[in-house]
Amino acid sequence: MAKDKSKKIRTQLKKGHQVRRRRSDFTREYREHGFKDKDTLSSERINGKGVLTRHRTIIGEAVSDDHDAIQVHLEIDTTDCLKGRVLSVHGLDCIVSADDGREYRCAVRGLLKSLSTDQRNVISAGDIVMVRPEANTDAGDRYEALIVRIEPRYGCISRSSNGQQHVLVSNVDQLIVVASVAEPDIKPNLIDRFLVTAEKVGCRPIICFNKVDLIDASELQPLAGVYGQLGYHTLFTSVPNGDGIDQLQNIIQDKQNVVVGQSGVGKSSLLNALDPDLGLRTQTVSFDNQKGRHTTTAARLIELSKGGYVVDTPGIRQFQLWDVIAEEVAGYFREIRPYINFCKYPDCSHIHEMPCGVKQAVAEGLLDLRRYESYCQIRAEL
Ligand SMILES: Nc1nc2c(ncn2[C@@H]2O[C@H](COP(=O)(O)OP(=O)(O)OP(=O)(O)O)[C@@H](O)[C@H]2O)c(=O)[nH]1
Ligand SMILES: [Mg+2]
Ligand SMILES: [Zn+2]
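Next up, the structure:
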């Protein structure tokens, strides 16, 4: 992957895409390419066969993300452009918070939409983009700016949808895993699942044990201690007492965070405690019938008044982070990973084969039994 120099990339347009030539339709032309894109378009040579071809050569840099999906970083003239961050996506409309402090309602440039990638959605919440504000807005025109480039992504939380990767949030720095110590009862296996997700995505997980006002904190030590020893950052919070809120503030400040955890653990309450202006909806816990209570909502980045961004998610059922295959799971348990080398079979599942380095380590007390059982359960369910 050449980082420094731009290349010509021959790229396949999405199926069904045809290069439209409708000079007379000024608005459409603008929406698809922008007024100032003429210069750029001259370097996007439509190859000889015109509308018959699905390929065209563009100038840009091919970069890969964690999932080896090709992303194309276009070389564009950025005069009059602003850098921004996508807060939310609704179909092809995006709300972008730009460097000038304004929020823009944006359309996505036609060429970006047509680049064929493994990803279903060309743009996601969290994307860093270059936008070109619209010079003269026609009354009634829906868009205030055009997204002309998407910067390379990292830390993508995604799910598979019909074999395609659907990015829910990109550029995630930290996954804040919230567990409540009571009401609802703590589910360590669920914490482990979110840790697997964080390891896969490559973002920093933070484990937040909330509602510590409801129990004697010493009860929590055996469990929290295991995570601490593994090098995971843990903290203890209580919304009514204000415990740990300052620490949480320090952790999430100036980062892009996604808050996850079972319904009712206090995710929204914690965020409201950090920033009372947010006014996120919270609810009184009802333990039964959590299913189907929420409707699926798209990820929305919330700008924090003290700096940074956060995505509040509604429970786990509505925000399936699961995009991990069985063979990968052991590698995402950081303490299990070193023992894999001692297994006899390269494709050892560490459940029933012998001899197995992982099972041996469990027998010798080198690995926490509960974490190992959690591994077996996650693996079995895949
Ligand atoms: N005792 C106690 N109750 C809390 C604490 N934090 C939140 N709660 C209560 O727990 C309930 C659920 O809180 P929410 O913030 O709505 O939980 P959530 O994780 O956002 O839930 P979903 O949005 O459904 O995923 C509310 O009744 C809160 O008042 C805490 O630290 N201690
Ligand atoms: Mg909530
Ligand atoms: Zn093994």
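Going by my numbering, the sequence shown opens with residue -8, and the numbers climb by one from there. C-beta atoms are modelled at their ideal positions from N, C-alpha and C, and glycine is treated no differently.
- In this structure, DSSP gives residue 301 an extended state, which the three-state scheme calls strand.
- Here residue 115 is buried, its C-beta having at least 16 other C-beta atoms within 10 Å.
- Relative to ligand 2, residue 303 has its C-beta within less than 7 Å of a heavy atom.
- Look at residue 341: its beta carbon is less than 7 Å from one of the heavy atoms in ligand 3.
- Apart from the 5 residues on each side of it in sequence, residue 331 sits with its Cβ closer than 7 Å to the Cβ of 321, 348 and 349 in its chain, given in chain order.
- Residue 163 is not a Cβ neighbour of residue 182, given a cutoff of 8 Å.
- Secondary structure at residue 223: coil, using DSSP grouped into helix, strand and coil.
- Nearest in C-alpha terms to residue 255, of all of 265, 246, 241 and 272, is 272.
- In this structure the stretch 164 to 175 touches the stretch 231 to 249; the number of beta carbon pairs closer than 8 Å is three or more.
- The C-alpha of residue 323 is placed about 11 Å away from the C-alpha of residue 185.
- A distance below 7 Å between beta-carbons, with the five flanking residues on each side excluded, links residue 72 to the following residues of its chain, in chain order: 121, 122, 123 and 139.
- Ligand 1 approaches residue 230 closely enough that one of its heavy atoms is under 7 Å from the residue's Cβ.
- When only Cα atoms are considered, residue 96 and residue 159 end up about 19 Å apart.
- One Cα belongs to residue 221, the other to residue 205, and the distance between them is close to 26 Å.
- Taking 7 Å as the cut-off, one finds at least one heavy atom of ligand 2 near enough to the beta carbon of residue 259.
- Within the same chain, Cβ atoms closer than 6 Å to the Cβ of residue 370 are found at 317 and 320, the five residues on either side in sequence being excluded.
- With contacts defined as CB atoms closer than 8 Å, residue 203 and residue 262 fail to qualify as a contacting pair.
- For the 8 Å CB-CB criterion, residue 75 and residue 98 do not form a contact.
- The beta carbon of residue 212 sits no closer than 7 Å to any heavy atom of ligand 1.
- Relative to ligand 1, even the nearest heavy atom lies 7 Å or more away from the CB of residue 191.
- The Cβ neighbour count for residue 295, taken over all protein chains shown within 10 Å, is at least 16; the residue is labelled buried.
- Contact between residue 230 and residue 304 is absent: CB atoms are separated by about 18 Å, not below the 8 Å threshold.
- For residue 95, the beta-bridge partners assigned by DSSP are 87.
- Residue 267 and residue 78 have their C-alpha atoms spaced approximately 20 Å apart.
- Using a Cβ distance threshold of 8 Å, residue 334 and residue 344 count as a contacting pair.
- Secondary structure note for residue 196: its beta strand (DSSP E) is the uninterrupted segment 195 to 201.
- Sequence-distant Cβ neighbours of residue 315 in its own chain, meaning closer than 8 Å and more than five residues away, are 187, 188, 191, 323 and 373.
- At least one heavy atom of ligand 3 is found less than 7 Å from the C-beta of residue 348.
- When rounded, the separation of the alpha-carbon atoms in residue 264 and residue 223 is 23 Å.
- The C-beta distance from residue 225 to residue 234 rounds to 13 Å, too long to meet the 8 Å contact threshold.
- Going by DSSP, residue 261 is part of no beta strand (DSSP E) but of the alpha helix (DSSP H) stretching over 258 to 265.
- When the beta-carbon positions are compared, residue 239 and residue 194 stay at least 8 Å from each other.
- Inclusion of residue 204 in the 7 Å shell around ligand 1 follows from its C-beta lying nearer than that to a non-hydrogen atom of the ligand.
- Annotation for residue 78: the continuous beta strand (DSSP E) segment containing it runs 73 to 81.
- When beta bridges are read from the DSSP output, residue 123 appears opposite 137.
- Judged by the Cβ position, residue 273 qualifies as a neighbour of ligand 2 at the 7 Å threshold, a heavy atom of the ligand being closer than this.
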